[in-house]
Amino acid sequence: MGKIIAIASQKGGVGKTTTAINLSACLAVKGRKILVIDSDPQASLTFGLGIRKNGEKIKGLYELYAGKTTLQEVLSQPIENLYVIPSRIDLFMAELEIFETEEREKRLKFLLESCKDEFDYVFIDCPPSFSFLTLCALVASESVIIPVQCEQFALEALRIFIKLLWRIKGSFNEALELEGILLTMFSKHINLSRTIAEDIKRVFRSKIFETYIPRNIALSEASMNGIPAIFYAPDAYGTIAYTELAQEIISRHNPS
Numbered sequence: 024m025g026k027i028i029a030i031a032s033q034k035g036g037v038g039k040t041t042t043a044i045n046l047s048a049c050l051a052v053k054g055r056k057i058l059v060i061d062s063d064p065q066a067s068l069t070f071g072l073g074i075r076k077n078g079e080k081i082k083g084l085y086e087l088y089a090g091k092t093t094l095q096e097v098l099s100q101p102i103e104n105l106y107v108i109p110s111r112i113d114l115f116m117a118e119l120e121i122f123e124t125e126e127r128e129k130r131l132k133f134l135l136e137s138c139k140d141e142f143d144y145v146f147i148d149c150p151p152s153f154s155f156l157t158l159c160a161l162v163a164s165e166s167v168i169i170p171v172q173c174e175q176f177a178l179e180a181l182r183i184f185i186k187l188l189w190r191i192k193g194s195f196n197e198a199l200e201l202e203g204i205l206l207t208m209f210s211k212h213i214n215l216s217r218t219i220a221e222d223i224k225r226v227f228r229s230k231i232f233e234t235y236i237p238r239n240i241a242l243s244e245a246s247m248n249g250i251p252a253i254f255y256a257p258d259a260y261g262t263i264a265y266t267e268l269a270q271e272i273i274s275r276h277n278p279s
């Protein structure tokens, strides 16, 4: 059975979309069948996987929310084993158009019920804020990965976001769990980065992924070129880290 995992943070610039792109691609290369959903109207994941070029307008998550198309009609496949529900700026309208509908927060959950078991993992890339689209993603998910940049105030922001998660668990999705906290943009040569990583690990202990994602320009360059880093720069430090993260995910769910 496929597992639905949201990748979420109320802060921007923490590596959320970079994680969605590269974790999905690394799992796909390892032979897992992956669906990744761009639930951010900025559509950075869609561009980062090379799906939208030259201003081309494509159907995506907005049309699914609006009931204007089917899942099969919106799926893109940028690489083997990796399928994508893309997005574009129109997705902002979904929040307004379905706000008064019955069980509106379950709309994405209902959309995924018929297909999730076709995939090993379904990842949802959330907006960098706590919005209605984020709520829909968390209601649809079984667990959450929270990327946290190793910078000042990261620990307090993480505490606030986890409190929000537990409120959602109590009110909307009792099955929701914390998959793990992913430390991103880590530099072992910067004292502040090491200190923050140690502070977060001391507080959250086993909830921290063993893999840390380093600062690495190759990750940004790959996204700008619409190519997952594992194909753009397979030997880069960032790529190696996401490959290790993919294996950590696999090992957690298949300990044998």
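In my numbering, the protein residues as written are 24 to 279. C-beta: ideal position from N, C-alpha, C; glycine also.
Taking residue i as the reference, give the member of the options with the closest Cα.
i: residue 25; options: 71, 99, 135; result: 135
i: residue 289; options: 44, 52, 184; result: As shown, the chain starts at 24 and ends at 279. That puts residue 289 outside it, with no answer to give.
i: residue 27; options: 195, 166, 117; result: 166
i: residue 194; options: 162, 183, 185; result: 162
i: residue 280; options: 184, 177, 139; result: Only positions 24 to 279 of the chain appear in this structure, which leaves residue 280 out of reach.
i: residue 265; options: 39, 143, 33, 142; result: 39
i: residue 204; options: 239, 198, 185; result: 185
i: residue 116; options: 137, 89, 276; result: 89
i: residue 110; options: 274, 71, 236; result: 71
i: residue 48; options: 180, 213, 102, 152; result: 102
How many Å lie between residue i and residue j at the Cα?
i: residue 37; j: residue 170; result: 6 angstroms
i: residue 175; j: residue 215; result: 8 angstroms
i: residue 94; j: residue 211; result: 43 angstroms
i: residue 159; j: residue 192; result: 12 angstroms
i: residue 225; j: residue 188; result: 20 angstroms
i: residue 209; j: residue 250; result: 22 angstroms
i: residue 12; j: residue 200; result: Here the chain covers residues 24 to 279 and nothing more, so residue 12 does not appear.
i: residue 57; j: residue 106; result: 6 angstroms
i: residue 271; j: residue 261; result: 15 angstroms
i: residue 234; j: residue 68; result: 22 angstroms
i: residue 127; j: residue 85; result: 14 angstroms
i: residue 114; j: residue 82; result: 11 angstroms
i: residue 267; j: residue 120; result: 41 angstroms
Please confirm whether residue i and residue j have their CB atoms less than 7 angstroms apart.
i: residue 172; j: residue 218; result: no
i: residue 30; j: residue 42; result: yes
i: residue 252; j: residue 241; result: yes
Quiz item: Contact between the stretch 89–98 and the stretch 63–74: three or more CB pairs below 8 angstroms?
Solution: no
Exercise. Identify every run of the beta strand (DSSP E) within the stretch 155–242, keeping only runs that are complete inside it and at least 3 residues long; order them along the chain.
Key: 166–172, 200–207
Quiz item: Does the stretch 46–57 touch the stretch 221–240, meaning 3 or more C-beta pairs lie closer than 8 angstroms?
Solution: no
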